Structure formats: structure tokens, C-alpha cells
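Notes to accompany the following structure.
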Amino acid sequence: MRLYNTLTRGEEPFAPSADNTVRMYTCGLTVYARGHIGNFRTFVCLDVLRRTLKYLCGYRVRQVMNFTDVDDRTINGAQKAGMDLRAYTDQYIAAFREDMRALGLEEIEEMPRATDEPNLRAMANMVAALERNGHTYRSDGSIYFKISTMPGYGKLARLDHQGMKPGARVDSDNYAKEDARDFVLWKGPREGEPSWEFADAGVPAGRPGWHIECSAMALRLLGEAPIDVHAGGIDLVFPHHENEIAQSEGATGKPFSRFWVHVEYLIVDEQKMSKSLGNTYTIPDVVAKGFRPSAVRYLLLSAHYRKQLNFTWESLGSAEKALQRLTDCLARLDLVTAPGSHPNLAPQIARAREAFAAALRDDLNTAAALGAVFELVSAVNAAIDTGDVGLDDVAAIREAFDDVDRVLGVLSLRRVEDECPPVPVDEIERFIEERHAARRRRDFAAADRIRDDLAARGVLLEDSPTGTRWKRK
RNA sequence: GGCGCCGUCGCCAAGAGGUAAGGCAGAGGUCUGCAAAACCUCCACCCCCGGUUCAAAUCCGGGCGGCGCCUCCA
Numbered sequence: 001m002r003l004y005n006t007l008t009r010g011e012e013p014f015a016p017s018a019d020n021t022v023r024m025y026t027c028g029l030t031v032y033a034r035g036h037i038g039n040f041r042t043f044v045c046l047d048v049l050r051r052t053l054k055y056l057c058g059y060r061v062r063q064v065m066n067f068t069d070v071d072d073r074t075i076n077g078a079q080k081a082g083m084d085l086r087a088y089t090d091q092y093i094a095a096f097r098e099d100m101r102a103l104g105l106e107e108i109e110e111m112p113r114a115t116d117e118p119n120l121r122a123m124a125n126m127v128a129a130l131e132r133n134g135h136t137y138r139s140d141g142s143i144y145f146k147i148s149t150m151p152g153y154g155k156l157a158r159l160d161h162q163g164m165k166p167g168a169r170v171d172s173d174n175y176a177k178e179d180a181r182d183f184v185l186w187k188g189p190r191e192g193e194p195s196w197e198f199a200d201a202g203v204p205a206g207r208p209g210w211h212i213e214c215s216a217m218a219l220r221l222l223g224e225a226p227i228d229v230h231a232g233g234i235d236l237v238f239p240h241h242e243n244e245i246a247q248s249e250g251a252t253g254k255p256f257s258r259f260w261v262h263v264e265y266l267i268v269d270e271q272k273m274s275k276s277l278g279n280t281y282t283i284p285d286v287v288a289k290g291f292r293p294s295a296v297r298y299l300l301l302s303a304h305y306r307k308q309l310n311f312t313w314e315s316l317g318s319a320e321k322a323l324q325r326l327t328d329c330l331a332r333l334d335l336v337t338a339p340g341s342h343p344n345l346a347p348q349i350a351r352a353r354e355a356f357a358a359a360l361r362d363d364l365n366t367a368a369a370l371g372a373v374f375e376l377v378s379a380v381n382a383a384i385d386t387g388d389v390g391l392d393d394v395a396a397i398r399e400a401f402d403d404v405d406r407v408l409g410v411l412s413l414r415r416v417e418d419e420c421p422p423v424p425v426d427e428i429e430r431f432i433e434e435r436h437a438a439r440r441r442r443d444f445a446a447a448d449r450i451r452d453d454l455a456a457r458g459v460l461l462e463d464s465p466t467g468t469r470w471k472r473k
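So that you can map any letter, position 350 of the first sequence is 350 in my numbering, and since no number is skipped, the others follow by simple counting.
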């Protein structure tokens, strides 16, 4: 497939470097709060990348996504809550896993947390390697990365340091640095903060800096540099990923990652959605508003991942409707009883499949891919109306939708949601029977009352010549 | 101050030199006890101004507008 690489600022043909296996690292969540749908835009898009690589390109994927469970925010949060750091971050990791499931994210091979012993040790070893290679200095008990020792520094972010606005921002790290651009690898111990020591590696008591986590865990769990893909939100380009490159390449002497993939922001009210701005929505927030996680997933896929996406409740409502059009079409297939097949449909199915795959292989163009799916929906609906569909066609259509959804992951999610409707299924069926009897005696007022009552409880009834079907609102 | 992205129908959104996909909403019709679903028909010359070209929404230049990054950030 073709994939945009932030490193080169262009699309390039992508294939894994070895073994037919894509080794991909994803910067995950800092677990000091529940992730919001802005965070999940990144994770959903990367889930579709992962699925595209697996199901459309035929590669194996080995993915690592970390939890940052030690940094200023998690430490402060734990202190405020009067909790142990580990217990404090546990809650948000559990919440993240719940949201992952709700959004239909595939299981990821490794989801390490920074404070697991083998990871801390890997970080310490990397710090030691950087010290050996002369990329560091110590000051006030902390160890820093010295940027002037890396001539290639800045190749990812391409920042022009000459033009930087002086004093645009003040470094929030209160640690003594020789140069404002240097960054901390290992923070010296402080009162009330967790601390680890790796004397055998020559690393004194303290805690890891943010950037070293990802470098160390990526190489520990994915093997030799360069890995194939390193991905995350676009806000991580600088400084996080730039610094990861400096560390990893300073320690190993090899390129860190072949491809860098960055997902654009989800914005809301024309501003980026972020916890510090207080304009975030979580999956439970969305559910409380009466929307379904599948609609969120759909909405997040309705725009290209490298374009900002402005979230509104209105667009979430549209997403809900669009998704319903897909599931309604599939439900209509149940009404087909004619055997055999009609000659028109097969080429349309083939064309849609090709367009779908081509769109995704073209730098993950999910919006265009959805367009291809809806064109098939129109063709199928029209064929059902004219009776030009046989059971063999139905099987082929279902198979096409199954394949499409292996990548989009949105129909299967709906199906899971539909398994637990707001009204118990046996109760719905009883109402349908009652309404059926009312209609037979032409008591339409009673029939309509039953339908309205169910609608108010979130269940819609649709009559057809072959019976009544229900669906969730 | 430096760098980058974006501006396509009422809303969302593909398209990136060859005459505008798709979704939502809307109008009219068919079907229905009524609905719903579905179908049919209708609904855009692409922010503005110049330029290149046989041909530009797509390329170039200049405006205007929006967003982002420049060490908390998915």
C-alpha cells in the first residue's frame, strides 16, 4: 500500500522490512484520566491501518501500544487522590480497555506499561548506552540528552530554530539543562515521587523521562531497529517523536523507524479537543447522550486521517443514520427468497470491492472507501426492489460486506450493540405479536400505540410483506 | 516572528490537469391502514483575483478566511 511518511513528507510504497511482518509501535495514552474521543481518533485510525495491513495487504502485524503510567500528571493525580500510583493508573487502563472494546479496536499484541520492571530496565540500559556514546550529561541528579551531539536532530519535525519566537513558551520541566532544547532522559529523585535505581547499568535513583519510555519499549518488544512503523497523534511529532529518534539512534547507531504515521486532530468548537482545554468528550459521555460507540467509530472514519475533523453532535447524528443505512440494507437481504443469481450484481460487487481496497491502499482513504460501500448499498437496494437478486447473490453480497467490515470494524460492532437492545428481546417479540393481532382486527390505534411506545423506548418496528422486524433506534 | 495544513452543495466529505463519489438534511413521486425502510426524479462549475494550458476544483503567483505546531498534549 501507499502510506504517507512524516519523515519524508510524502507518500511512499509501504511493505514490511522482513518476514512479511509489520512491526508497528503506537504511542498510547498517558493514564491520568479517561481517554477522550480525540485520543481515540488516533487509535481508531491506527486500528484501521492495522486491519488494512492484515486483511487487505496480507501482512502479519506485531503491534505495541504503551501506557504512560509515570509522569508529572499521573504522579500528581495519584497524590491528589491519595492513591498508590499503580492503583491510580490501573483505573484508567481498565477504562481504556473498556473503551477499546466499545469502539471495536482489535486486540493489540503488546500493551506494556512503562513501570513494568523489564521496561524500566530497558530504559536504564538505553540511558547507559547513550552515556557510553557520549550523548548525555548529568546535572542535579538527572541525566540529559545533549542535542548538540546529534547532527541530524530535527529531521522529523523540521523545525527552524532560528525563527522560533523567543519566549513563546516556557519549559515546564523544572530541571537544570545546559540548552533549552536538551531534554531529560532520567529524572533525579524527588520527595514523594516513585524512584527506581539500576546500579548495574550505572543509572542512579530516579524515574524515566517521557521520551525514553517509548524508545526503549519499542526496541525491547519489536526487536532490532529500524522498526517498520511508528505512529501516534500529530501533536507527538515534536518534541516526543523527534526526541525518540535522537535517543534510539544515539543508542543503537541505526535508524529508528522506517515510517512515521501521524493522525490529525479531532477538533471541537473549532478548537483542538484536549484535556487541558476542558472540551473533551469520552465514550461514556457519548453514550449518555444517546449515541452509540459504533457511530463514533464511523464518524472517525468518515474523514481522511491526515485532515482535521471537527466533531459536532450533529455530525455524530448523521453518522448514526448513515450506519443505519448500511445495516438496513443487510437486513433487507433476509427477505430474498429467490434461488440462483442475476448477472448484474456480480460485477457491481466486484467493482465495489476493488474500489474499497484501492481507496484504503491509497494512504488509508477511509472516506473514499465508505463511498464505494454505499454505492454497493444503492445497487443492492435497487436490485432487491426489482427482484433481481437471488440467494447466491445474497451470499456474495454478505461475503463482500464481511470482508469490508474486517477492515472497517463497524458493522460487527453494531451487531454486538444490537444484541443488547434497550427493551428485552422476548418483550419486543411479545409486543410484535400483540400489534400483529391488533392490525388483523384493524385496530390501528392500538397497533400504533404499541409501535410508538416501543419507539419511545428506543426500539423501531418496520412492517414488510413477510412480517415485522425490529431494530434499535 | 518561523514552519505547516486547510477552504468543494444547507451540514459532513472524497476527488489532485480532462469536465464534480458518497453520507446526512431537503423537494416531488411510488409502495404502506398509517409509518418506517426502499426505489425513482430533483438539488454544486469547487473562497476571491490573476497566470500557465487545447483543457484547472485540481498546477503557479497574490489576496482573504480557518486551524495547528514552535518542548503538558492522541
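Even glycine gets a Cβ: it sits at the ideal position worked out from N, Cα and C. Remember, it's a predicted structure, so these values are computed and weren't measured experimentally.
Quick check on the DSSP output: the alpha helix (DSSP H) that includes residue i runs from which residue to which?
{"i": "Glu11", "result": "Where Glu11 is concerned, there is no enclosing alpha helix (DSSP H), although the beta strand (DSSP E) it sits in stretches over Gly10 to Pro13."}
{"i": "Met126", "result": "Glu117 to Arg132"}
{"i": "Ala33", "result": "First-last for Ala33: undefined, no H or E at that position."}
{"i": "Pro293", "result": "Pro293 to Leu301"}
{"i": "Arg406", "result": "Leu391 to Leu408"}
In the DSSP output, which residue or residues are listed as bridge partners for residue i?
{"i": "Asp272", "result": "According to the sequence as given, residue 272 is Lys; it is not Asp. In DSSP, Lys272 forms a bridge with Ile267."}
{"i": "Pro339", "result": "According to DSSP, Pro339 bridges with nothing at all."}
{"i": "Arg415", "result": "Looking at the DSSP assignment, Arg415 forms no beta bridge with any residue, so it has no partner."}
{"i": "Tyr4", "result": "Glu11"}
{"i": "Met65", "result": "Thr26"}
{"i": "His230", "result": "Tyr25 and Trp260"}
{"i": "Arg60", "result": "Thr21"}
{"i": "Tyr144", "result": "Tyr137 and Val184"}
{"i": "Asp362", "result": "Arg2"}
{"i": "Arg113", "result": "Phe67"}
What distance in whole Å lies between the Cβ atoms of residue j and residue i, which are believed to be in contact at a cut-off of 8 Å?
{"i": "Leu333", "j": "Arg398", "result": "7 Å"}
{"i": "Arg457", "j": "Val423", "result": "5 Å"}
{"i": "Ala218", "j": "Tyr25", "result": "4 Å"}
{"i": "His262", "j": "Val237", "result": "6 Å"}
{"i": "Arg62", "j": "Leu222", "result": "7 Å"}
{"i": "Asp69", "j": "Val127", "result": "In fact, because the Cβ distance is near 19 Å, the residues do not count as touching under 8 Å."}
{"i": "Asn66", "j": "Ala251", "result": "18 Å between Cβ atoms; not a contact."}
{"i": "Lys135", "j": "Met123", "result": "In the sequence on display, residue 135 carries His and not Lys. Their Cβ separation, rounded to whole angstroms, is 15 Å, which puts His135 and Met123 out of contact at 8 Å."}
{"i": "Asn125", "j": "Ala225", "result": "At roughly 14 Å, the Cβ-Cβ gap does not stay under 8 Å, so Asn125 and Ala225 are not in contact."}
{"i": "Ser257", "j": "Gly38", "result": "Not confirmed; about 24 Å, so no contact."}
{"i": "Ala331", "j": "Arg469", "result": "6 Å"}
Helix, strand or coil: how does DSSP classify residue i here?
{"i": "Cys420", "result": "coil"}
{"i": "Leu309", "result": "strand"}
{"i": "Ile450", "result": "helix"}
{"i": "Ala251", "result": "helix"}
{"i": "Arg457", "result": "coil"}
{"i": "Val48", "result": "helix"}
{"i": "Asn76", "result": "helix"}
{"i": "Val287", "result": "helix"}
{"i": "Lys321", "result": "helix"}
{"i": "Glu106", "result": "coil"}
{"i": "Arg442", "result": "coil"}
{"i": "Glu462", "result": "strand"}
{"i": "Ser172", "result": "Reliability fails at Ser172, whose pLDDT of 42 lies under 50, so the model's placement of it is uncertain and no value is given."}
{"i": "Arg220", "result": "helix"}
{"i": "Lys54", "result": "helix"}
{"i": "Pro189", "result": "coil"}
{"i": "Asn344", "result": "coil"}
{"i": "Met100", "result": "helix"}
Cβ of residue i within 7 Å of any heavy atom in the ligand MN?
{"i": "Asn365", "result": "Looking at this structure, you won't find the ligand MN or any other ligand, since it has none at all."}
Along the chain, where does the beta strand (DSSP E) that runs through residue i open and close?
{"i": "Thr468", "result": "Gly467 to Arg472"}
{"i": "Glu197", "result": "Trp196 to Phe198"}
{"i": "Leu29", "result": "Thr21 to Thr30"}
{"i": "Arg138", "result": "Thr136 to Ser139"}
{"i": "Val203", "result": "Val203 to Pro208"}
**Study point:** Cβ contact check for the segment 178–185 and the segment 96–114: 3 or more pairs under 8 Å
**Key:** Contact between the segment 178–185 and the segment 96–114 is absent, because fewer than three Cβ pairs lie under 8 Å.
Check your understanding: Counting pairs of Cβ atoms below 8 Å between the segment 190–200 and the segment 90–106, do you hit three or more?
Key -> no
Check your understanding: Between the segment 310–325 and the segment 347–354, do at least 3 Cβ pairs fall closer than 8 Å?
Key -> Contact between the segment 310–325 and the segment 347–354 is absent: fewer than three C-beta pairs spanning the two stretches fall below 8 Å.
Review point. Three or more C-beta pairs closer than 8 Å, one from the segment 133–148 and one from the segment 232–247: is that the case here?
Key: yes
Review point. Between the segment 381–398 and the segment 78–91, are three or more C-beta pairs nearer than 8 Å?
Key: no
Check your understanding: So does the segment 357–365 actually touch the segment 409–416, counting three or more Cβ pairs closer than 8 Å?
Key -> no
Point to revise | the segment 309–317 contacting the segment 277–297, beta-carbon criterion three pairs below 8 Å | key: The segment 309–317, when compared against the segment 277–297, does touch it at the 8 Å Cβ threshold.
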